[in-house]
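Visitor: Chain order of the listed sequences is V and W. Just so you know, my numbering puts 25 at position 25 of the first sequence, and the rest follows in order with no gaps. Heads up, my numbering is the position in the second sequence plus 143, with the first residue counted as 1. The beta carbon of each residue, even a glycine, is placed where N, CA and C say it ideally should be. In this text the structure is predicted, and so the values were computed from the model without any measurement.
Protein chains: 2
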Amino acid sequence: MTTPGEQMQADVLAILRRRNVALSAYKVLEALRDAHPKIAPPAVYRALSSLTSKGQAHRVESLKAYVACQSKVHASASILSICESCGYVEEHLAGEVVEAVSHVVAETGFSSQHHVIEVHGICAACNARMPAPEGVGAGGSPQ
Amino acid sequence: MTTPGEQMQADVLAILRRRNVALSAYKVLEALRDAHPKIAPPAVYRALSSLTSKGQAHRVESLKAYVACQSKVHASASILSICESCGYVEEHLAGEVVEAVSHVVAETGFSSQHHVIEVHGICAACNARMPAPEGVGAGGSPQ
DNA sequence: CAGGAGTATGTTACATTATAACATTACACA
DNA sequence: TGTGTAATGTTATAATGTAACATACTCCTG
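(1) May I have the straight-line CA-CA distance separating V/Ala-31 from V/Gln-9, to the nearest angstrom?
(2) To which residues does DSSP link W/Val-210 through a beta bridge?
(3) Does the beta-carbon of V/Arg-129 have 16 or more other beta-carbons within 10 angstroms, so that it is buried, or is it exposed?
(4) Check whether the Cβ of W/Ala-174 lies closer than 8 Å to any Cβ atom in chain V.
(5) Applying the 10 Å Cβ sphere with the 16-neighbour rule, what's the burial state of W/Gly-252?
(6) Residues in the stretch 106-130 of chain V with C-beta within 7 Å of chain W's C-beta atoms, listed in sequence order?
(7) With 8 Å as the threshold, decide whether the Cβ of W/Ser-224 is near any Cβ in chain V.
(8) Closest to W/Val-203 by CA distance: which of W/Glu-250, W/Val-232, W/Val-187 is it?
(9) Just mark V/Glu-118 as buried or exposed, buried being the case when its beta carbon has 16 or more other beta carbons within 10 Å.
(10) Using the Cα positions of W/Leu-156 and W/His-179, report the straight-line distance between them to the nearest angstrom.
(11) Using a Cβ cut-off of 8 Å (strictly closer), state whether V/Val-104 contacts chain W.
(12) The alpha helix (DSSP H) that contains W/Cys-269, what's its start and end?
(13) Thinking C-alpha only, which one of W/Cys-266, W/Ala-267, W/Ser-228, W/Asn-163 is nearest W/Ala-211?
(14) Determine, using beta-carbon pairs with one atom in the stretch 91-110 of chain V and one in the stretch 40-47 of chain V, whether at least three such pairs fall under 8 Å.
(15) Could you name the residues of the stretch 175-206 of chain W whose beta carbon sits closer than 8 Å to any beta carbon of chain V, in the order they occur along the chain?
(16) Within a Cβ cutoff of 6 Å, which residues of the same chain sit near W/Cys-269, ignoring the five residues on either side of it in sequence?
(17) Should V/Ser-102 go down as buried or exposed, given a rule of 16 or more other Cβ atoms within 10 Å for buried?
(18) Give the secondary structure of W/Val-192 by DSSP, where H, G and I count as helix, E and B as strand, and everything else as coil.
(19) Using the C-alpha atoms, what's the distance from V/Leu-63 back to V/Tyr-26?
(20) Would V/Ala-65 pass as an interface residue toward chain W - the criterion being a Cβ-Cβ separation below 8 Å?
(21) Determine the closest residue to V/Cys-123 out of W/Ile-265, W/Cys-266, W/Val-247, with distance taken between C-alpha atoms.
(22) Kindly list, in the order they appear in chain W, the residues whose Cβ is closer than 7 Å to that of V/Val-12.
(23) How would you label V/Tyr-66, buried or exposed, when you count the other beta carbons within 10 angstroms and need 16 or more for buried?
(24) Buried or exposed for V/Ser-71, going by 16 or more other Cβ atoms inside 10 Å?
(25) Could you work out which residues of chain W lie near V/Val-89, taking near to mean beta carbons separated by less than 8 Å?
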């Protein structure tokens with residue numbers, strides 16, 4: 001047996017990886033009850049904190065929720081795109097964007113340490129599902 | 144008398160504008176008790192929601208807190224820099240950065256609607272106050 | 001192996017942030 | 001004036017997160 005903490009982190013990560021959707025800490029807690037019937041919030045938050053500090057998971061600030069890291073390399077920072085329709089979260093490498101952001105704030109003497117870059121919108125799959133991208137949409141196709 | 148709601152929003156905005164520091168909704172509530180002794184959380188959240196939807200204030204997602212908008216024009220989006228040392232929050236125009244972010248996520252077919260770009264670090268004033276940017280810093284000035 | 005320092009984990013309780021749901025008031029207009 | 005609508009007030013509670021302490025475990029040291 002490795003340390004129990006590592007087991008907990010592995011279980012949390014497995015839950016987050018089931019779907020590319022952000023889960024609140026309490027949703028994770030519910031999912032953990034199968035394997036850990038008596039788990040309490042601090043254990044979940046400790047595991048999430050360890051995972052995020054190791055870059056194996058990310059907190060989606062604008063959703064107050066968490067996702068598994070999807071990037072193999074986990075470069076300095078990433079962009080998270082969040083579909084407002086289906087909740088799908090995707091991670092994008094942010095190298096140049098992070099540099100651009102750092103450059104903008106450096107104009108006032110600010111030195112960057114940690115970036116939060118999140119985009120809300122509609123994912124490709126939901127865009128494809130939409131009846132039409134124009135008009136009010138109540139009348140079906142505009143044809 | 145204008146509508147009471149506008150008065151509330153004006154009061155909230157005045158509180159946020161006192162300092163360029165993010166205030167939690169409950170800090171705002173405390174500050175409002177002078178003018179509105181019996182105020183309750185929903186009134187504060189409604190005022191903050193109206194202000195943010197009009198672009199007169201911003202929610203700092205990574206701090207769960209709110210700041211007054213500092214930009215006269217309030218372009219489509221902005222970058223917020225947050226000093227970890229003093230809490231100072233500064234707003235930066237983000238035009239090109241927003242385009243770059245949208246471009247990155249568009250590579251997977253994602254259409255952007257709303258951007259959250261926040262940078263944590265150290266502001267110019269705190270950088271200037273720091274004894275030295277090297278070593279552990281316990282020994283005072285390196286001179 | 002006993003003792004004990006130090007760390008990790010479990011547990012309780014609570015703090016903080018946010019909103020649902022309904023009551024009340026204000027206002028426009030027939 | 002009555003009445004429908006929207007805005008605001010109020011109560012209660014949901015959702016998120018953490019402090020503080022208890023317990024257990026690990027690994028030394030003698």
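Guide: Answer, in terms of the structure:
(1) 13 Å
(2) W/His-201
(3) exposed
(4) no
(5) exposed
(6) Thr-108, Gly-109, Phe-110, Ser-111, Ser-112, Gln-113, His-114, His-115, Val-116, Ile-117, Glu-118, Val-119, His-120, Gly-121, Ile-122, Cys-123, Ala-124, Asn-127
(7) yes
(8) W/Val-232
(9) buried
(10) 14 Å
(11) yes
(12) 267-272
(13) W/Asn-163
(14) no
(15) Glu-204, Ser-205
(16) Cys-226, Ser-228, Cys-229
(17) buried
(18) It is Ser, not Val, that sits at residue 192 of chain W in the sequence shown. If DSSP states are grouped into helix, strand and coil, W/Ser-192 belongs with the helices.
(19) 13 Å
(20) no
(21) W/Val-247
(22) Near V/Val-12 there are no residues of chain W at all, since even the closest Cβ is about 21 Å away, more than 7 Å.
(23) buried
(24) exposed
(25) None at all; the shortest Cβ gap to chain W is about 11 Å.
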